[in-house]
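Every number in our numbering is 963 more than the matching position in the sequence shown, counting from 1.
By construction, the Cβ of each residue, glycine as well, lies at the ideal position given by its N, Cα and C atoms.
This one's a predicted model, so the numbers in the text were calculated from it and none came from an experiment.
As C-alpha cells, the structure follows; a few thoughts come after it.
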Amino acid sequence: MKYFHYLKTGFPLYIAGGAILGIAISVLVIIHRYDRHLSVTLDTMKNIGTRKEEIKKQIHDMDSLTGYLRDKFGITSIDINPESLVLKALDEMKNNFKEATITAAAFEEADGVKKLPVEIKSPVQNYKAITDIVGYVESFRLPRYSVRSISVSKEQAGGVILNIQGEFVAPLITAGG
C-alpha cells in the first residue's frame, strides 16, 4: 500500500512536469521555426537591395548612353551601329595621339557588346604625359575604353614608351530595346 500512496501523490507531479516539458519543447520548436523564417526573410531583403543597386546602375548606364547620343550626335532614335561609334572614337584617338602607334584588331561580339581590341604605343617624356594619356583613354564614355594592361618600357635609343592594351566596348543596340 505504500506504493499506492506514493503513486497517488507523485503521479500528478510527473504528469504536470511532463506537460510543462512538452509545452517548453513546443515553444522552442516554434521559436526555432520563427528564427529560420526571419533569416530567410532577411536574406531575401538583402537580395532585393542588391538587385535594386544593379538595376539602378543599368538605368544610369542607359541614361548615360541616351544622353551621350543626344548630346554628341543629335540622335534621338536608338537605331545606330555600334561599330561606327567605335570607329569614330578610334579616329578621335588617332587625331589626339599624333606620335602614337595605334593598332586595332578585328571586332569581337560577346555578352551583348561589340569589342575592338586596341593597342596604343606612345613615346612619353615624363610622368605627367603618362597620366594625361591614360586619363584621356579612360575618359571615353561611349564607346568605353577598357584598359587591360599598362606598361612602360625603355628603348635602346633612350626614350620611354608607354604601352596600353585594352579594347573599345560598345553595347549592341537594337531598335526595339
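Nearest-angstrom Cα distance between GLY1122 and VAL1087? Here the question's residue 1122 lines up with position 159 in the sequence shown. Here the question's residue 1087 lines up with position 124 in the sequence shown. Computed Cα separation, rounded: 8 Å.
ALA1067 to VAL1100, Cα distance in whole Å? For the purposes of this step, residue 1067 is taken as the residue at position 104 of the sequence shown. For the purposes of this step, residue 1100 is taken as the residue at position 137 of the sequence shown. Rounded to the nearest angstrom, the two C-alpha atoms are 15 Å apart.
Between PHE1060 and ILE1083, is the Cβ-Cβ spacing less than 8 Å? For the purposes of this step, residue 1060 is identified with residue 97 of the sequence shown, where counting begins at 1. For the purposes of this step, residue 1083 is identified with residue 120 of the sequence shown, where counting begins at 1. Contact: yes.
Start and end residues, beta strand (DSSP E) containing GLY1129: Mapped onto the sequence shown, residue 1129 falls at position 166. Here the beta strand (DSSP E) through GLY1129 covers 1123-1134.
Excluding the five sequence neighbours on either side, which residues of its own chain have a C-beta within less than 6 Å of the C-beta of ILE994, listed in chain order? Position 31 of the sequence shown holds residue 994. None.
Count the C-beta pairs between the region 1047-1058 and the region 1103-1117 that are closer than 8 Å, then say yes if the count reaches three, no if not. Yes, the region 1047-1058 is in contact with the region 1103-1117.
Quick one: measure Cβ to Cβ for VAL1076 and ALA1120, integer angstroms, because I've assumed they're closer than 8 Å. By 1-based counting over the sequence shown, the position of residue 1076 is 113. By 1-based counting over the sequence shown, the position of residue 1120 is 157. The Cβ separation is near 39 Å, so there is no contact.
Status (buried if at least 16 other CB within 10 Å, exposed otherwise) for PRO1045: For the purposes of this step, residue 1045 is identified with residue 82 of the sequence shown, where counting begins at 1. Looking at its Cβ environment, which holds 16 or more other Cβ atoms inside 10 Å, PRO1045 is buried.
According to DSSP, what are the bridge partners of ALA1067? Taking the sequence shown and counting its residues from 1, one reaches residue 1067 at position 104. Paired residue(s): VAL1081.
Is ALA1073 helix, strand or coil by DSSP? The residue given as residue 1073 occupies position 110 in the sequence shown. Three-state DSSP puts ALA1073 in a strand.
Please classify LYS1078 as buried or exposed, where buried requires at least 16 neighbouring CB atoms within 10 angstroms. Mapped onto the sequence shown, residue 1078 falls at position 115. LYS1078 comes out buried.
I think GLU1118 touches SER1085, with their Cβ atoms under 8 Å apart; what is that distance to the nearest whole Å? The count along the sequence shown starts at 1 and reaches residue 1118 at position 155. The count along the sequence shown starts at 1 and reaches residue 1085 at position 122. The beta-carbon separation of GLU1118 and SER1085, rounded to 12 Å, does not stay under the 8 Å limit for a contact.
What is the rounded straight-line gap between the Cα of GLY973 and the Cα of ARG996? If you number the sequence shown from 1, residue 973 lands on position 10. If you number the sequence shown from 1, residue 996 lands on position 33. C-alpha separation (whole angstroms): 35 Å.
Taking buried to mean at least 16 other C-beta atoms within 10 Å of its own C-beta, is LEU1048 buried or exposed? Taking the sequence shown and counting its residues from 1, the one referred to as residue 1048 is at position 85. By the neighbour-count rule (16 or more Cβ atoms within 10 Å), LEU1048 is buried.
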